[in-house]
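From first to last, the protein sequence lines stand for chains A and B. Using the numbering used here, read the first sequence as starting at 11 and increasing by one per residue. Using the numbering used here, read the second sequence as starting at 11 and increasing by one per residue. So the structure is just underneath, and the comments pick up after that.
Protein chains: 2
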Amino acid sequence: MSQTVDRALSILPLLAEGPADLGQVADRLGVHKSTALRLLRTLHEHGLVHRQSDQRYRLGARLFALAQEAVENLDVREIAHPHLVALNEKCGHTVHLAVYEEHEVLYIDKVESRYPVRMYSRIGKPVAITVAAVAKLLLADLSEAERRAVAEKLDYPMYTSRSTPNAPAFLRELEKVGEQGWATDLGGHEESINCVGAPVRGADGRVVAAMSVSAPNVVVTAEELLTLLPLVRRTAEAISRDYSGTGPGNTGNTGNTGNTPQKEASSS
Amino acid sequence: MSQTVDRALSILPLLAEGPADLGQVADRLGVHKSTALRLLRTLHEHGLVHRQSDQRYRLGARLFALAQEAVENLDVREIAHPHLVALNEKCGHTVHLAVYEEHEVLYIDKVESRYPVRMYSRIGKPVAITVAAVAKLLLADLSEAERRAVAEKLDYPMYTSRSTPNAPAFLRELEKVGEQGWATDLGGHEESINCVGAPVRGADGRVVAAMSVSAPNVVVTAEELLTLLPLVRRTAEAISRDYSGTGPGNTGNTGNTGNTPQKEASSS
DNA sequence: CAAGCTGTTGCAAAATATGCAACGGCCATT
DNA sequence: AATGGCCGTTGCATATTTTGCAACAGCTTG
Chain A
11 MSQTVDRALS ILPLLAEGPA DLGQVADRLG VHKSTALRLL RTLHEHGLVH RQSDQRYRLG
71 ARLFALAQEA VENLDVREIA HPHLVALNEK CGHTVHLAVY EEHEVLYIDK VESRYPVRMY
131 SRIGKPVAIT VAAVAKLLLA DLSEAERRAV AEKLDYPMYT SRSTPNAPAF LRELEKVGEQ
191 GWATDLGGHE ESINCVGAPV RGADGRVVAA MSVSAPNVVV TAEELLTLLP LVRRTAEAIS
251 RDYSGTGPGN TGNTGNTGNT PQKEASSS
Chain B
11 MSQTVDRALS ILPLLAEGPA DLGQVADRLG VHKSTALRLL RTLHEHGLVH RQSDQRYRLG
71 ARLFALAQEA VENLDVREIA HPHLVALNEK CGHTVHLAVY EEHEVLYIDK VESRYPVRMY
131 SRIGKPVAIT VAAVAKLLLA DLSEAERRAV AEKLDYPMYT SRSTPNAPAF LRELEKVGEQ
191 GWATDLGGHE ESINCVGAPV RGADGRVVAA MSVSAPNVVV TAEELLTLLP LVRRTAEAIS
251 RDYSGTGPGN TGNTGNTGNT PQKEASSS
């Protein structure tokens with residue numbers, strides 16, 4: 011809609027691949043060097059782009075800070091967090107919270123396992139959408155038309171032999187998940203890791219987030235993990251109740267507009 | 011330099027404070043609603059902004075993904091990571107890696123403590139710059155003029171009674187840190203948490219990153235933590251050697267330009 | 001039922017971004 | 001040591017793009 015802004019924003023994913031110099035940016039944008047320079051300068055002023063010692067550009071610090079602030083202001087996350095911690099204290103495994111947005115599912119919170127074996131995942135990282143328990147829960151709540159549309163646009167990488175192979179299988183799985191109200195991922199992403207998840211619902215009954223407990227085979231078998239299902243579901247329902255209490259169905263924040271409260275702090 | 015882009019980017023920090031509707035955005039930008047609409051649309055197309063169910067806008071998912079990709083492509087981080095893990099395995103405490111950029115210090119990697127007591131901090135989060143050991147290390151390497159300039163622009167919040175109180179004290183501390191080649195934070199940020207850190211240097215001897223080990227009093231006393239200093243310094247030097255080996259002094263990446271390799275995966 | 005609010009579109013005026021060409025610094029080459 | 005080439009940078013005139021306006025549409029509120 012706005013050409014200038016469009017071009018400027020196209021620089022960001024480009025730099026996410028790695029540092030680039032002015033010429034490379036201009037080429038890939040298909041614009042004159044001077045134009046690219048001015049766009050980069052504007053991005054630089056806003057801290058979204060940083061110029062390193064060799065004069066090349068890469069993504070800047072403010073980007074992290076923004077993403078950070080954004081995720082901390084998500085009210086579902088705020089409400090869910092203590093529940094996730096409590097769940098982790100009970101079972102000891104890794105707990106995740108995820109949301110669906112714009113054809114992507116991404117983690118917005120995580121409580122690390124107490125066991126020495128940990129799994130790789132990170133807040134903000136897009137989820138393996140075709141296999142993750144949280145992804146199934148979130149997609150299962152979409153209308154059938156939307157599900158179909160999404161399912162057909164996806165790739166179905168075979169992470170393991172138990173990964174969801176194709177769109178029909180995925181749609182069947184989503185239907186099942188939608189009916190039973192919970193989901194699993196049994197070695198569909200990494201051979202040795204299993205997950206059990208449950209949905210968090212708003213006041214209108216729609217799924218606004220999904221949570222899951224994950225653990226590797228070496229700690230508990232899939233069957234043992236499944237015994238946690240009632241606990242997981244109860245936790246998800248507790249979050250849903252808390253969440254429905256605050257804002258009626260939507261994603262309204264707590265009302266802090268205009269100033270940025272620093273509620274928690276970090277340490278060296 | 012580019013007004014349109016400038017305005018569009020100004021929307022991001024605004025939304026970081028919390029969701030806002032069209033009118034609010036237009037007002038705070040000082041532009042007509044239709045203008046704000048078109049800017050928001052462009053941001054939306056790029057996924058930087060998301061429209062929630064109540065029609066209000068907030069920061070979008072792609073922002074997280076971008077920040078994520080960016081941090082994973084930082085070569086210092088990539089090189090340092092195995093060393094940090096190894097250090098964590100030896101001592102069991104939380105290990106941090108941080109860089110300085112554009113008047114901010116921020117964490118770019120973290121290995122969690124193996125002890126049940128953990129500390130709050132998150133990758134991408136700006137560091138408490140006046141007290142953190144890593145911040146002292148990074149700022150100590152700036153020229154005296156820069157140090158002075160930075161120190162005078164800072165706030166000096168008294169997190170605890172042992173926080174750095176003002177600019178002169180901070181500058182003295184930086185001088186000391188620069189000379190001795192290591193730094194501490196003994197309860198300056200949170201009363202019960204101590205840190206020891208050491209600098210990572212590039213081939214030209216300049217400090218490119220800083221690492222630290224942090225532990226709460228309840229696990230080890232400050233004196234015990236200080237016995238780890240040689241180990242921390244050796245680790246930092248090992249990282250420096252690895253880092254200097256790759257690119258001569260700069261922040262060159264590994265050469266993956268044009269395609270985005272998916273080297274690691276997440277799980278539900 | 002009407003009034004007010006919010007978001008949305010088409011259009012003409014005007015401000016803005018664009019590409020060009022020329023300059024300057026830097027490194028590598030001859 | 002000198003030169004050639006490369007990359008980033010600037011001023012300027014052209015014209016493309018954005019902007020604000022005014023009117024419309026959809027929704028909730030009085």
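Cβ atoms here follow ideal geometry from the backbone N, Cα and C, with glycine treated the same way. Just so you know, these numbers come straight off a predicted model, no measurement behind them.
Given that a residue counts as buried once 16 or more other Cβ atoms are within 10 Å of its Cβ, and exposed if not, what is LYS186 of chain B? exposed
Using a Cβ-Cβ cutoff of less than 7 Å, which residues in the same chain neighbour HIS91 of chain A once the five nearest sequence positions on both sides are dropped? ASP119
Identify whether ASP37 of chain A lies in helix, strand or coil by the three-state DSSP scheme. helix
Using CA coordinates, which residue listed in A:GLN190, A:THR170, A:VAL160 is at the minimum distance from PHE180 of chain A? A:VAL160
Mind checking which residues open and close the beta strand (DSSP E) that includes ASP195 of chain B? 193 to 196
Taking the alpha carbon of GLY191 of chain A as the point to measure from, which residue in A:MET221, A:VAL228, A:LEU76, A:ARG61 has its own alpha carbon closest? A:MET221
Could you name the residues of the same chain whose beta carbon sits closer than 6 Å to that of LYS58 of chain A, not counting the 5 residues immediately before and after it, in chain order? Sequence inspection shows Leu at residue 58 of chain A; the Lys mentioned does not correspond to that position. Taken in chain order, the residues that qualify are GLY70, ARG72, LEU73.
If you measure from the CB of LEU235 of chain A, is any heavy atom of the ligand FMN nearer than 7 Å? The ligand FMN is not part of the structure shown, which contains no ligands of any sort.
With C-beta atoms as the reference, is LEU25 of chain B less than 8 Å away from TYR67 of chain B? yes
Would you be able to state if there are at least three C-beta pairs under 8 Å between the region 244 to 255 of chain A and the region 205 to 222 of chain A? yes
First and last residue of the beta strand (DSSP E) that includes VAL141 of chain A? Neither: VAL141 of chain A is in no beta strand (DSSP E) and is coded neither H nor E.
Identity of the residue in A:THR170, A:GLU88, A:LEU116, A:GLY197 nearest VAL144 of chain A by Cα: A:LEU116
Considering only residues of the same chain and omitting the five flanking positions on each side of GLN13 of chain B, which have a CB-CB separation below 6 Å? none
Verify whether the separation of the beta carbon atoms of VAL218 of chain A and LEU238 of chain A is less than 8 Å. no
Distance between LEU241 of chain A and HIS93 of chain A (C-alpha atoms, nearest Å): 11 Å
Buried versus exposed call for ALA30 of chain B [16 or more other C-beta atoms within 10 Å across all chains shown]: buried
Can you find a CB in chain B that lies within less than 8 Å of the CB of THR231 of chain A? no
What are the partner residues of THR104 of chain A, as DSSP defines its beta bridges? A:SER224
Coarse secondary structure for GLY57 of chain B, derived from DSSP in three states: coil
Using a Cβ-Cβ distance under 8 Å, would VAL81 of chain B count as near chain A? yes
When the cut-off is 8 Å and only beta carbons count, does PRO23 of chain A lie next to chain B? yes
With distances taken between CB atoms, is the gap from LEU53 of chain A to LYS43 of chain A smaller than 8 Å? no
Using a threshold of 8 Å, state whether the C-beta atoms of ALA97 of chain A and THR245 of chain A are closer than that. In the sequence as displayed, the identity of residue 97 of chain A is Leu instead of Ala. For LEU97 of chain A and THR245 of chain A, yes; Cβs fall inside 8 Å.
Is ALA155 of chain B buried or exposed, if buried means 16 or more other CB atoms sit within 10 Å of its CB? exposed
According to a CB-to-CB cut-off of less than 7 Å, which residues of the region 151 to 163 of chain B neighbour chain A? none
Kindly indicate if chain A contains any beta-carbon less than 8 Å away from that of LYS100 of chain B. no
So HIS60 of chain B contacts chain A; which residues on that side make the cut at Cβ distance below 7 Å? GLU111, GLU112
If we call anything under 8 Å between Cβ atoms a contact, is ILE139 of chain B one with LEU164 of chain B? yes
Where does SER153 of chain A land, buried or exposed, given buried means 16+ other C-beta within 10 angstroms? exposed
Can you tell me whether GLU99 of chain B is buried or exposed? The criterion is at least 16 other CB atoms within 10 Å of its CB, across all chains shown. exposed
Under the assumption that GLU305 of chain A contacts HIS60 of chain B (Cβ atoms under 8 Å), give the Cβ distance between them as a whole number of angstroms. Because chain A here runs from 11 to 278, residue 305 of chain A falls outside it and cannot be looked at.
Thinking just about the alpha-carbon of each residue, which of B:LEU184, B:ARG182, B:LEU148, B:VAL137 is nearest to the one in GLY167 of chain B? It should be pointed out that residue 167 of chain B corresponds to Pro in this sequence rather than to Gly. The shortest Cα separation from PRO167 of chain B among B:LEU184, B:ARG182, B:LEU148, B:VAL137 belongs to B:VAL137.
On the three-state DSSP scale, how would you describe PRO167 of chain A? coil
In this structure, how does DSSP classify ARG17 of chain A when only helix, strand and coil are distinguished? helix
Of the residues A:GLN78, A:VAL228, A:LEU50, the one placed nearest LYS135 of chain B, counting alpha carbons only: A:GLN78
Under 7 Å Cβ-Cβ, which residues of chain B neighbour HIS56 of chain A? LEU19
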